[in-house]
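Below you'll find the structure, written out as structure tokens, and then a few comments.
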Amino acid sequence: MTFSRSSISSQNAKLFDAYARMPTVTLPRITAYITGTLPSFGTILTNLATEEIKVGNWITRLKSNGKHVHFFGDDTWIRLLPGQFEKSEGVTSFYVNDFTEVDNNVTRHLNEELASGEWDALILHYLGLDHIGHSLGGTSSKIDEKLVEMDGVIKRLYEEMEKVFLIFGAHPFYFSFLRRHLTAC
């Protein structure tokens, strides 16, 4: 993660630790990011039964204020917020042996999205690192490969965007991956 490491070292980026309350499965985590609410442990039971979010959230607020929100990645977002994204394409999150195509299907939209500038918020939910962590564990060499790939995406976004962007992970093991690769910071 050469670019990310140098960005943190030069203080062009900031690394924060976030502490997530259990459960850290995808649906409750996304709901927490969108609404700012903390999930209960019982929400783990709904991880496979996605229902539309009915409470206030920042995405619905953006849309109601005439802002354009585009999304690419884990289709859970689209099921949680039907009709809220002006442009979107979801990928299934449940085929955990796929470390590559799920991310390629997100990245392939970058050229058009960055060139058009027709959005006020662009959400990209990559799944490859998550799938590697769940399928192969935290010591797999595939993690290193995926982090190099994601570092390239981060570099591209940083260089081509004039807006603030945030990067975060939904599971605690992300932090150990990142810390291992950013320890020189």
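Using the numbering used here, the first residue of the sequence shown is number -7, and each one after it goes up by one. Just so you know, even glycine gets a beta-carbon here, dropped at the ideal spot from N, CA and C. Quick caveat: nothing in here was measured; it's all calculated off a predicted structure.
Q | Counterpart residues of L114 in DSSP-defined beta bridges | A | H62
Q: Could you check what DSSP says for V83 in three-state terms: helix, strand or coil?
A: strand
(Q) Measuring CB atoms only, is the region 88 to 99 touching the region 114 to 130, in the sense that at least three cross pairs come out at less than 8 Å? (A) yes
Q. To the nearest angstrom, how far is it from the Cα of F86 to the Cα of S2?
A. 38 Å
Q: Provide the residue span of the alpha helix (DSSP H) that contains F(-5), from first to last.
A: -6 to 1
Q | Rounded Cβ spacing between Y118 and M153 (contact assumed at less than 8 Å) | A | Incorrect: roughly 16 Å between the Cβ atoms, too far for contact.
Q: Report the three-state DSSP secondary structure of N97 (helix, strand or coil).
A: helix
Q: Might you give, ordered along the chain, the residues of its own chain that have their beta carbon closer than 7 Å to the beta carbon of I146, omitting 5 neighbours on each side?
A: F(-5), S(-4), I159
Q.
Considering only the alpha carbon of each residue, which of K6, L7, S(-1), R53 lies closest to T27?
A. R53
Q: Identify whether T131 lies in helix, strand or coil by the three-state DSSP scheme.
A: coil
**Q.** Own chain residues within Cβ distance below 7 Å of K79, not counting five before or after
**A.** H62
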